[in-house]
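Here's the structure, in structure tokens; my notes come after.
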Amino acid sequence: MTTTTPPRAFVPFPTLIGDIGGTNARFALVPDETGRVIRFPTVLTADFATIDDAIAAVLPPDVTPHSAVLALAGPIQGDKVPLTNCHWVVEPKRMLARFGLDEVILLNDFEALSLSLPALAGDDLVSIGSGTPLANAAQVVVGPGTGLGAAALIHAHTWIPVPGEGGHIDLAPVSARDFEIWPHIERPHQQTDPFARIEGETLLCGSGLLRLYRAVASANGAAPRFDDPSEITAAAMDRSDADAQEALELFCVHLGRLAGNLALIFMARGGVFLAGGIAAKIAPVLKESGFREAFIDKVPHGALMDRMPTSVVVHPEPALAGITAYARHPDLFGVVTEGRRWHK
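In the numbering used here, the protein residues as written are 114 to 457.
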């Protein structure tokens, strides 16, 4: 595949883009500012030793990208960037040499998601509760998946993404039922630290739902029936298992509390968006659950919270859409590339 697009000094076309999570890696090619984005097959991170091997597997022989903009599930630091929930270590300098790229830019995965927020509307979203977004107000995206990610988008003459590790802030018991269940929660670092904290990602991800379900069953004096998050979700949604139902309800409530905390921090009057495959799958449950009530329950700011809209992102690939928007018009976003941009 050839291109006649003139080279640009910043994010030159064609641009390889990627959304790299703990389980799946999604790649596509942005040929120019207006052409159709070419989507490559999704690959499993577990199937490849390195991200470079995965890219080599999906790139057709006649495709020669000039740049790459990749969103990674983890903080971007240094020339070797390990992913939080898989074995890949991204080395941009090696990538430049192997694929003949002019430039590599690395983003946080939820930072990339945040770049898509201003354009989401209509069928891209499922609203939960009331609230009306304010134009150019701060927005927050949070999403449970293999892990738990979060980011904000702030408008100050341009849209400025604020990446972070919001999925690792603390969770705490609130209700009487929480205090009954909390002692039964398995903590990932409990073997080395018996007082290991319970963070957002402890409960609000795929493996977190399993921990929550096992804790509920244990608190009820019952043996758990399921050992897979998808089985728990299915049993909860078809109401065939009471422990699974309670676990999924509590999952929604804890997600509401954490999302509300982030909304307060950023004063997210532009909306709070739940992204990722889990949120989209359980959207009907989220609408009927205690999510919204938990989100609003921030005394003395309940009225303020009630005015903030919350919704589930059901767009099939919002992170790739966000990276595409940035690759085509980097001038429209205040993305800080210092320490995250490599070039020849």
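Ideal Cβ positions, reconstructed from N, Cα and C, are used throughout, including at glycine.
So who's on the other strand from residue i, going by DSSP bridges?
{"i": "His268", "result": "Trp272"}
{"i": "His456", "result": "Glu216"}
{"i": "Thr423", "result": "Ile241, Val385"}
{"i": "Val202", "result": "Pro195"}
{"i": "Ser180", "result": "Thr128, Glu216"}
{"i": "Ala263", "result": "Val255"}
{"i": "Phe123", "result": "According to DSSP, Phe123 bridges with nothing at all."}
{"i": "Val156", "result": "Ala138"}
{"i": "Phe446", "result": "Trp272"}
For the alpha helix (DSSP H) containing residue i, name the first residue and the last one.
{"i": "Pro205", "result": "205-212"}
{"i": "Thr346", "result": "342-350"}
{"i": "Asp192", "result": "No alpha helix (DSSP H) holds Asp192; DSSP gives it neither H nor E."}
{"i": "Leu230", "result": "First-last for Leu230: undefined, no H or E at that position."}
{"i": "Glu406", "result": "404-409"}
Would you say residue i and residue j are within 8 Å of each other, going by their C-beta atoms?
{"i": "Pro188", "j": "Glu314", "result": "no"}
{"i": "Ala263", "j": "Phe223", "result": "yes"}
{"i": "Leu377", "j": "Leu317", "result": "no"}
{"i": "Asp192", "j": "Glu204", "result": "yes"}
{"i": "Gly260", "j": "Ala186", "result": "yes"}
{"i": "Ala170", "j": "Gly131", "result": "no"}
{"i": "Asp236", "j": "Met208", "result": "no"}
{"i": "Pro443", "j": "Val124", "result": "yes"}
{"i": "Gly321", "j": "Gly369", "result": "no"}
{"i": "Ser229", "j": "Ala396", "result": "no"}
{"i": "Ala162", "j": "Val150", "result": "no"}
{"i": "Ala332", "j": "Glu299", "result": "no"}
{"i": "Pro276", "j": "Asn221", "result": "yes"}
{"i": "Gly390", "j": "Gly258", "result": "yes"}
Just verifying my parser: in three-state terms, what is the DSSP assignment at residue i?
{"i": "Asp165", "result": "helix"}
{"i": "Gln252", "result": "strand"}
{"i": "Ile151", "result": "strand"}
{"i": "Tyr439", "result": "helix"}
{"i": "Pro257", "result": "strand"}
{"i": "Glu430", "result": "coil"}
{"i": "Asn333", "result": "coil"}
{"i": "Thr245", "result": "coil"}
{"i": "Asn221", "result": "strand"}
{"i": "Glu312", "result": "strand"}
{"i": "Thr117", "result": "With a pLDDT of only 46 at Thr117, under the threshold of 50, the placement of this residue in the model should not be trusted, and no figure is reported."}
{"i": "Ala186", "result": "coil"}
{"i": "Ala372", "result": "helix"}
{"i": "Asp283", "result": "strand"}
Cα-Cα, which of the options is closest to residue i?
{"i": "Ile273", "options": "His456, Trp455, Val448", "result": "Val448"}
{"i": "Pro429", "options": "Arg300, Phe379, Thr155, Leu322", "result": "Thr155"}
{"i": "Ala330", "options": "Glu312, Leu363, Gly319, Ala309", "result": "Leu363"}
{"i": "Ala232", "options": "Pro301, Gly244, Gln252", "result": "Gln252"}
{"i": "Ala248", "options": "Ile241, Leu142, Gly390, His270", "result": "His270"}
{"i": "Phe63", "options": "Lys400, Arg454, His268", "result": "No statement about residue 63 is possible, as the shown extent of the chain runs from 114 to 457 and does not include it."}
{"i": "Phe339", "options": "Asp356, Ala332, Asn333", "result": "Asp356"}
{"i": "Ala336", "options": "Arg327, Ser343, Gly242, Glu344", "result": "Arg327"}
{"i": "Val458", "options": "His281, Leu325, Thr128, Glu146", "result": "With the chain covering only 114 through 457, there is no way to say anything about residue 458."}
Grab the span of the beta strand (DSSP E) containing residue i for me, first residue to last.
{"i": "Asn137", "result": "137-143"}
{"i": "Gly131", "result": "128-133"}
Return yes when at least one heavy atom of the ligand FMN lies under 7 Å from the C-beta of residue i, else no.
{"i": "Gln252", "result": "Looking for the ligand FMN in the displayed structure turns up nothing, as the structure carries no ligands at all."}
Does residue i have its Cβ less than 8 Å from a Cβ in chain C?
{"i": "Val194", "result": "No chain C appears in the structure shown, which is made up of a single protein chain."}
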